[in-house]
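Engineer: Residue numbers (the UniProt record's numbering): 1 to 94. All residues carry an ideal CB built from backbone N, CA and C; glycine is no exception.
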Amino acid sequence: MTAVDPGTLLFLTAAATALVGTIVAVTAYRGYRRHDSDMMRYLAVGIALVAVAPFPITYGIAPLVGFDDAMTLLAVLCANVAGLLALIYSLDGT
């Protein structure tokens, strides 16, 4: 049995997270469109920033612009913080 390369496993896990996150974010966005609810819009944005944004940042933008590991991690963490703030707003509404 051949061992799976950790880099490949990391890529596949990140891609699966982004795919499922996209499905959840699109579902929340459809809820926003259907009910004209700002809270659902913030929920969709929050989920997209937390679950989807790290994948294109890590595997698309960072190599394209030449980010090192620290800059890539900083960009992912900034997306996560922004997403969590949107999620807090969607749940609390303040």
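#1: Hey, is the region 35-53 in contact with the region 77-90, meaning 3+ C-beta pairs nearer than 8 Å?
#2: On the DSSP letters alone, give me the boundaries of the alpha helix (DSSP H) that T13 sits inside.
#3: Any contact between the region 9-24 and the region 50-62? By contact I mean 3 or more CB pairs, one from each, below 8 Å.
#4: Between the beta-carbon of Y59 and the beta-carbon of S90, is there less than 8 Å?
#5: Could you check what DSSP says for A3 in three-state terms: helix, strand or coil?
#6: Helix, strand or coil for G46 per DSSP?
#7: Looking at the structure shown, is A70 part of a helix, part of a strand, or coil, going by DSSP?
#8: Consult DSSP for G93 and reduce its assignment to one of helix, strand or coil.
Structural biologist: Result, derived from the coordinates:
#1: yes
#2: Position 13 of the sequence shown, counted from the start, is the residue given in the question as residue 13. First-last of the alpha helix (DSSP H) with T13: 6-35.
#3: yes
#4: On the sequence shown, residue 59 is found 59 positions in, with the first residue counted as 1. On the sequence shown, residue 90 is found 90 positions in, with the first residue counted as 1. Going by C-beta atoms, Y59 is not nearer than 8 Å to S90.
#5: The sequence position of residue 3 within the sequence shown is 3, counting from 1. Three-state result, A3: coil.
#6: Residue 46 sits at position 46 when you count from the first residue of the sequence shown. Residue state, collapsed to three classes: helix.
#7: Taking the sequence shown and counting its residues from 1, the one referred to as residue 70 is at position 70. Helix at A70.
#8: As a first step, residue 93 is located in the sequence shown; it is residue number 93 there, counting from the start. Looking at G93 - three-state DSSP - the assignment turns out to be coil, as it is neither helix nor strand.
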